[in-house]
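Asker: Here's a structure for you.
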Amino acid sequence: MLEWMQKHKKYLVITVWVSALALVFASMVEWGGGGFSAVSSDSVAKVGDIYISRQEYQRKYNEIYDNVAEYMRQVGLPDDGKPMPEIEQEAFRILVQEKLLEMLAKDIGVSITSNEILEALLNTPEFQDATHTFNKEQYEKLLQANRWNTADYEAFVAKALLQEKMQNFPLAPVSTLETNAFMSAGKIKDVAELRLLHKDSVLKNAVLQTADSEIRSYWERNKEKYYKPASYKIAYMALDMGEINTNRAMLEKFYKDNERKYKNLTFEQALEEVEADYRKAVLGFASSYMATISKNIAENNKDLQIKTSNVITTMESQSIALLQKHFDGDLDIKDIALQDIPLYSLQLNDDGSDHSALITAVSSGKGLLAPLEYSKDHWIIPYITEKIPKQALSFELAKELASRDLMAEKQNDEFKKMAYTKLSQIGEENLGNVVPLHLSLWQEQNMQSHKQLLSLGLNDMDIRQALDYIMRHNKKEGVVFLGSDKALLFRVVKQEMPNYADLVNITNAEDEALQEAKVRDLRNAMFEYAMKHYKVIDYRRQN
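Here is the structure:
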């Protein structure tokens with residue numbers, strides 16, 4: 001696709017306005033009875049009086065599938081190429097949402113003019129020459145290179161602009177009444193007394209013990225926590241793609257052999273893509289080589305050179321050159337002797353922090369796996385030679401770990417108990433620090449309050465968690481536990497409502513937040529209206 005499309009994703013993907021869509025969508029869709037009718041033979045659905053063609057449905061499915069497949073490849077998950085029902089439904093949902101907007105736009109008289117399309121094209125940098133002026137020849141060549149004709153592309157731009165216009169419609173200003181209502185709630189201020197307790201300090205004189213019977217009982221309740229992680233052994237080849245040397249002659253040959261892929265592009269125009277494809281082809285050839293010797297790996301053939309390493313070791317330049325020689329010369333891969341290209345072996349286990357994508361792939365696979373990019377431009381082709389599943393630890397082996405966890409649990413329980421006891425003992429006495437807390441929908445509490453909270457020993461995450469708890473719970477006093485080692489005692493002593501000046505003097509950030517909130521609500525209302533007024537018929541169900 002054009003780089004312009006990638007940069008302007010808002011033109012390509014409809015913003016999901018309301019999460020309720022997933023809940024109400026199925027109930028709003030009617031099935032086309034009796035299989036596919038003559039009308040629907042080339043359509044998968046009808047929204048109002050607009051049809052969704054099979055072609056655009058398949059195109060949307062492919063777009064989502066390619067993204068999912070790329071992610072699966074990156075994390076080492078296998079892709080069997082089978083249709084995915086979840087992707088089919090997501091493609092269908094997105095297209096229905098687009099057509100609902102088109103129907104609504106048609107009914108309320110929103111459209112895209114030829115001047116708007118022209119303006120979008122004129123202001124697309126990819127279609128401009130060095131003087132930043134639209135160049136028609138450059139425009140047509142770029143479309144041709146990306147397999148578009150001008151009519152289809154301009155229709156695509158028109159639809160994209162219409163979607164954008166509908167997403168930004170209507171932009172009604174926020175009224176004075178709405179501003180006052182939101183700001184009245186948003187500028188309420190609680191004045192609270194606070195005291196921060198630290199677990200180490202609170203428990204310094206506490207005497208806590210664990211008996212063997214308690215430890216065993218705890219272990220019995222939590223056996224699944226104590227196990228020896230699964231381990232794996234692999235033989236592999238690893239390639240640094242930057243070590244695959246190229247020259248013009250080999251790339252020109254590769255270009256000619258695959259010329260259909262680079263339709264309408266000269267060698268010079270496609271050079272960067274050709275070089276990347278060539279390197280991937282060499283990687284694929286290396287994978288094929290691993291497949292030819294996989295039986296020897298499984299049987300631990302002594303002719304193989306398998307070196308043990310604690311880290312992933314990439315192939316030496318001589319081995320890469322040998323692979324390239326056979327690939328470039330169309331030589332039989334079986335002519336490469338077992339000892340000519342050394343392999344490496346590596347031990348992995350489930351609790352390893354390095355190469356998580358590789359561990360995920362190995363844990364769910366068997367035998368030879370597809371090449372996996374384990375770091376930028378570094379690929380590994382693994383063959384699983386051994387798998388040892390995770391094993392539960394006996395009480396004797398797990399006792400020390402279980403004892404430690406039980407003690408931590410007891411300390412946490414005692415800390416909570418003592419924190420509430422401390423709050424009740426203080427009674428009406430001042431907790432020690434009086435801080436004004438602002439319930440603000442638009443910004444953090446004011447700087448003075450923030451400084452006071454930091455001075456108590458709270459960090460920004462603690463402050464957000466504490467404020468969220470105090471503001472959301474209808475309690476005059478209580479305890480907020482922050483992580484596993486801190487507790488904040490609080491008591492709300494008074495509440496102050498905003499005065500007239502607070503309501504009148506709003507910041508730019510507050511004004512923008514109010515505008516965004518109103519636009520979001522109007523969009524939601526528009527979408528709900530469309531769902532209720534335009535029938536959606538799904539023709540995908542067959543007899």
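Heads up: the sequence shown at position 490 corresponds to 490 in my numbering, and the numbers run straight through without jumps.
Virtual Cβ for every residue (Gly too), placed ideally from N, Cα, C.
Between the Cα of Leu-397 and the Cα atoms of Leu-143, Asp-212 and Tyr-226, which residue gives the shortest distance?
Answerer: It is Tyr-226.
Asker: What does the alpha-carbon distance come out to for the pair His-378 and Thr-314?
Answerer: For His-378 and Thr-314, the distance between alpha carbons rounds to 8 Å.
Asker: What separation, rounded to the nearest whole angstrom, lies between the Cα atoms of Pro-85 and Ser-363?
Answerer: 25 Å
Asker: Secondary structure at Pro-498, three-state DSSP: helix, strand or coil?
Answerer: coil
Asker: Provide the residue span of the alpha helix (DSSP H) that contains Phe-156, from first to last.
Answerer: 150-167
Asker: Identify the continuous beta strand (DSSP E) that holds Tyr-218 and give its terminal residues.
Answerer: Tyr-218 -> not in any beta strand (DSSP E); alpha helix (DSSP H) instead, spanning 212-221.
Asker: Curious, which full-length alpha helix (DSSP H) runs of at least 4 residues does the segment 410-484 contain?
Answerer: 447-455 and 460-472
Asker: Identify which residue in Tyr-374, Ile-537, Gly-365 and Arg-520 has its Cα closest to the Cα of Asn-168.
Answerer: Arg-520
Asker: Over the uninterrupted beta strand (DSSP E) stretch that includes Thr-308, give me the two end residues.
Answerer: Following the DSSP letters along the chain, one finds Thr-308 inside the beta strand (DSSP E) bounded by residues 306-308.
Asker: Rank Lys-399, Thr-266 and Lys-518 by C-alpha distance to the C-alpha of Arg-595 and give the top, closest one.
Answerer: Given that the chain is displayed from residue 1 to residue 543, the structure contains no residue 595 and the question cannot be resolved.
Asker: Give the straight-line distance between the Cα atoms of Ser-356 and Leu-239, rounded to the nearest whole angstrom.
Answerer: Approximately 18 Å between the Cα atoms of the pair.
Asker: Where does Ser-231 sit, in a helix, a strand or coil, going by DSSP?
Answerer: In the structure shown, Ser-231 falls within a strand segment according to DSSP collapsed to helix, strand and coil.
Asker: Rounded to whole angstroms, how far is the Cβ of Leu-488 from the Cβ of Leu-482, which I believe are closer than 8 Å?
Answerer: 6 Å
Asker: For a test of the three-state rule: what should DSSP assign to Arg-491, helix, strand or coil?
Answerer: In the three-state scheme derived from DSSP, where H, G and I count as helix and E and B as strand, Arg-491 is classed as strand.
Asker: Where does the unbroken beta strand (DSSP E) through Gln-347 begin, and where does it stop?
Answerer: 343-349
Asker: Restricting to runs no shorter than 3 residues, where is the beta strand (DSSP E) found entirely within the segment 346-389?
Answerer: 372-375 and 378-388
Asker: Under 8 Å between the Cβ atoms of Leu-514 and Phe-182?
Answerer: yes
Asker: Quick one, which of Ile-388, Leu-454, Leu-323 and Asp-485 has its alpha-carbon nearest Ala-419's?
Answerer: Asp-485
Asker: Can you find the residues in the same chain that come closer than 6 Å, C-beta to C-beta, to Pro-382, ignoring five residues on each side of it along the sequence?
Answerer: Ile-234, Tyr-236 and Leu-369.
Asker: Contact defined as beta carbons within less than 8 Å: I believe Ala-402 pairs with Tyr-218. What is the distance between those atoms, to the nearest angstrom?
Answerer: 6 Å
Asker: When the Cα atoms are used, what is the spatial distance from Arg-54 to Met-526?
Answerer: Each residue's alpha carbon lies about 27 Å from the other.
Asker: Assuming Met-103 contacts Ile-50 (C-beta within less than 8 Å), just tell me the rounded distance between them.
Answerer: The Cβ separation is near 6 Å, so the contact holds.
Asker: What residue range does the alpha helix (DSSP H) around Val-191 cover?
Answerer: Not the alpha helix (DSSP H): Val-191 falls in the beta strand (DSSP E), residues 189-198.
Asker: Could you have a look at Lys-535 and say whether DSSP puts it in helix, strand or coil?
Answerer: coil
Asker: In the DSSP output, which residue or residues are listed as bridge partners for Lys-46?
Answerer: Tyr-51 and Ile-537
Asker: Please name the residue, chosen from Asn-474, Glu-259 and Ser-394, that lies closest to Glu-224 on a Cα-to-Cα basis.
Answerer: Ser-394
Asker: For Leu-239, which residues does DSSP report across the bridge?
Answerer: Trp-379
Asker: Evaluate contact between the segment 322-339 and the segment 266-283, counting only Cβ atoms and requiring at least three cross-stretch pairs below 8 Å.
Answerer: yes
Asker: Taking DSSP's pairing of strands, which residues face Ala-392 in a bridge?
Answerer: DSSP lists Tyr-227 as partners of Ala-392.
Asker: For my contact list, Gln-339 and Gln-318 are in at a C-beta cut-off of 8 Å; report their separation, rounded to the angstrom.
Answerer: Going by Cβ atoms, the distance from Gln-339 to Gln-318 rounds to 12 Å, so no, they are not a contact pair.
Asker: State the start and end residues of the unbroken alpha helix (DSSP H) segment that holds Leu-283.
Answerer: 267-292
Asker: Between Ala-91 and Lys-141, how many whole angstroms is the CB-CB distance? I'm expecting something under 8 Å.
Answerer: Not quite, the Cβ-Cβ distance comes to about 31 Å (not below 8 Å), so this is no contact.
Asker: Taking only the alpha-carbon atoms, compute the straight-line gap between Lys-261 and Ile-341 and give it to the nearest angstrom.
Answerer: 32 Å
Asker: Below 7 Å CB to CB, which residues in the same chain sit around Arg-464 once its five sequence neighbours on both sides are set aside?
Answerer: The beta carbon of Arg-464 sits closer than 7 Å to none of the beta carbons in its chain outside the five residues before and after it.
Asker: Which whole-angstrom value is the C-beta distance of Tyr-534 and Val-47, which I expect to be below 8 Å?
Answerer: 6 Å
Asker: Under the DSSP definition of a beta bridge, which residues are partnered with Lys-136?
Answerer: Note: Lys-136 sits in no beta bridge, so no partner.
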